[in-house]
Amino acid sequence: MMNARPRILALFNQLYDWGGAGGELALPFILKHWTTEINLTIAVPRGGQEWLEKQNVTARYITWPALPLFFEHSLRLPNVLIVWMWRTLQACWILSSHARFFDVIYTSGDFFCNTIPASWLKRINPDLRWAALIHHLILPHKQRLRNQLLTTFGSNLMQQFSLSLVGRNADLPLTNNQGVRQALIQRNIAENKIKTIDSGLDLSAIQRAYALPDIVYDACYVGSFRASKAVPELVEVWSKVLHQLPKARLLIIGNGPRIMLNTINKKINEFGLEQNVVMRGYVPNESEEKGILDEVEKFSLMKASKIFVSLSYEEGWGRAVAEALACGIPAVAWDLPTYREIFADSVIAVPIGNQAECVRAIVRLLENESLRHELGARGVQTVSNYDFSIIARRQLQLILDILPRSNL
Numbered sequence: 310m311m312n313a314r315p316r317i318l319a320l321f322n323q324l325y326d327w328g329g330a331g332g333e334l335a336l337p338f339i340l341k342h343w344t345t346e347i348n349l350t351i352a353v354p355r356g357g358q359e360w361l362e363k364q365n366v367t368a369r370y371i372t373w374p375a376l377p378l379f380f381e382h383s384l385r386l387p388n389v390l391i392v393w394m395w396r397t398l399q400a401c402w403i404l405s406s407h408a409r410f411f412d413v414i415y416t417s418g419d420f421f422c423n424t425i426p427a428s429w430l431k432r433i434n435p436d437l438r439w440a441a442l443i444h445h446l447i448l449p450h451k452q453r454l455r456n457q458l459l460t461t462f463g464s465n466l467m468q469q470f471s472l473s474l475v476g477r478n479a480d481l482p483l484t485n486n487q488g489v490r491q492a493l494i495q496r497n498i499a500e501n502k503i504k505t506i507d508s509g510l511d512l513s514a515i516q517r518a519y520a521l522p523d524i525v526y527d528a529c530y531v532g533s534f535r536a537s538k539a540v541p542e543l544v545e546v547w548s549k550v551l552h553q554l555p556k557a558r559l560l561i562i563g564n565g566p567r568i569m570l571n572t573i574n575k576k577i578n579e580f581g582l583e584q585n586v587v588m589r590g591y592v593p594n595e596s597e598e599k600g601i602l603d604e605v606e607k608f609s610l611m612k613a614s615k616i617f618v619s620l621s622y623e624e625g626w627g628r629a630v631a632e633a634l635a636c637g638i639p640a641v642a643w644d645l646p647t648y649r650e651i652f653a654d655s656v657i658a659v660p661i662g663n664q665a666e667c668v669r670a671i672v673r674l675l676e677n678e679s680l681r682h683e684l685g686a687r688g689v690q691t692v693s694n695y696d697f698s699i700i701a702r703r704q705l706q707l708i709l710d711i712l713p714r715s716n717l
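This note's numbering applies: residue 310 is where the sequence shown begins, and numbers increase by one.
Dropping the structure here:
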């Protein structure tokens, strides 16, 4: 009978000093709910530790140094590969001496800089259990419409390699959508071994967000600045919305590497939208940096928008869309399988890549207040059971269930 609490090593080798995408942005909320029930150690690059500590995640940290910013903040595939190979070697080397001290290793994402070290640690300590959360599938290059061919091919190849490691070595493959589940089943992983768990929302922060007296923006986008999120394309679509609604204003809230931020700003300048598109930074914690929003401020601005628009081509769960629905504003997005599975008819779905249909859907909503209220009320109800406190408890219980009974 184990006297101490379960010892979990959380490996997040994909984190940067600016955080990451939707799956990574959810991590602080999940981890803070876990710390009262387990002995948590977090293994991350030093930039990842800085980011998590800004989110008030208190835990024991094991870290390794980052490469120069030239590599760390680049989105070019060769540089990303160099960074992740460096992180993979660091994690395998540094964590090797710690493997015997943990009951579970938990990874989030399908990044090989997580899956290789996790597989290596299981070889060192065969009693170590591995819980691997996989967020989404990278689409084949013909379907990934707005990304570079080389980047898409390389990303897909790396994901397939990671999924093979998860299939062979993970004790608990976790996913939040049926697409990933089916991909894992096709790799001959037993269906009863794969568990599906929803992502979550900070519903308390959404409820605390103050309602602004007047509508400030016609639409908003919230999310990371990555190629698959297609934020530059959103700017292009908004330029077409202005042909029918010349005064419409779009708010873009996000974070990401500076190179992507520069690309978005260039697109805004190209279409002359400086008066119609507003950019704001975002970190999910209280921040004193000028121009950077905290969580509650972000939700206040979302509530001050009439609609939410996302042209993301890939989603594991769609946290930003779920947040918009929780704020009571309708969402327009590409018709992704994940949205149909989770949000059903609460989202206005348009054919993938069809900008004309997207513009029509946006204009229709902006001109129809009663429809916005109807969809807003429906969306609030749809996501009412996705609070982080509930999701974190469910996910932790699934992880504890893979431990031998003698360890509990």
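All C-beta atoms in this analysis are idealised placements derived from N, C-alpha and C, irrespective of residue type, glycine included.
Worksheet item: Quick one, which of Ala629, Trp402, Arg316 and Glu666 has its alpha-carbon nearest Ser563's?
Response: A small correction: the amino acid at residue 563 is Gly; Ser does not occupy that position in the sequence shown. Ranking Ala629, Trp402, Arg316 and Glu666 by Cα distance to Gly563 puts Ala629 first.
Fill in: Boundaries (first-last residue) of the alpha helix (DSSP H) holding Arg687
Glu678 to Thr691
Practice prompt. Measure from the alpha carbon of Pro315 to the alpha carbon of each residue in Phe411, Ala492, Ile433 and Asn478, then state which is nearest.
Written response: Phe411
Item to complete: Compare the C-alpha of Leu320 against each of Pro377, Trp429, Asn388 and His342 and name the closest.
Response: Trp429
Worksheet item: Going by DSSP, which residues form a beta bridge with Met588?
Response: Ile561
Worksheet item: To the nearest angstrom, how far is it from the Cα of Glu583 to the Cα of Ile577?
Response: 6 Å
Discussion item. Taking the beta carbon of Glu598 as the centre, do at least 16 other beta carbons fall within 10 Å, making it buried, or is it exposed?
Written reply: Because the pLDDT of Glu598 is 46, which lies under 50, any placement of that residue in the model is unreliable, and the number read from its coordinates should be weighed accordingly. Looking at its Cβ environment, which holds fewer than 16 other Cβ atoms inside 10 Å, Glu598 is exposed.
Discussion item. Can you tell me where the alpha helix (DSSP H) holding Ala492 begins and where it ends?
Written reply: Gln487 to Gln495
Practice prompt. Can you grab the Cα-Cα spacing for the pair Pro660 / Tyr622, in whole Å?
Written response: 11 Å
Worksheet item: By DSSP, does Arg702 sit in helix, in strand, or in coil?
Response: helix
Worksheet item: Who are the near neighbours of Lys615 in its chain, counting only those whose CB is closer than 8 Å to its CB and skipping five residues on each side?
Response: Ile524, Tyr526, Asp527, Ala528, Ile638, Leu674, Leu675 and Arg681
Fill in: Start-end ranges of the alpha helix (DSSP H) lying completely within the region 600-640, minimum 4 residues
604-612 and 628-635
Worksheet item: Do Trp360 and Gly328 have their CB atoms nearer than 8 Å?
Response: yes
Worksheet item: Once you ignore the five residues that flank Gln706 on each side, which residues in its own chain have a CB closer than 8 Å to its CB?
Response: none
Worksheet entry | For Ser508, the three-state DSSP class (helix, strand or coil) | coil
Worksheet item: Would you call the region 480-493 and the region 637-653 in contact, with 3 or more CB pairs under 8 Å?
Response: yes
Discussion item. Quick check: the Cα distance between Leu318 and Thr350, rounded to an integer number of angstroms?
Written reply: 5 Å
Discussion item. Considering only their Cβ atoms, is the gap separating Val672 from Leu554 smaller than 8 Å?
Written reply: yes
Practice prompt. Evaluate contact between the region 660-670 and the region 530-549, counting only Cβ atoms and requiring at least three cross-stretch pairs below 8 Å.
Written response: yes
Worksheet item: Taking the alpha carbon of Leu376 as the point to measure from, which residue in Gly357, Ala313 and Thr572 has its own alpha carbon closest?
Response: Gly357
Discussion item. Considering only their Cβ atoms, is the gap separating Leu442 from Asp696 smaller than 8 Å?
Written reply: no
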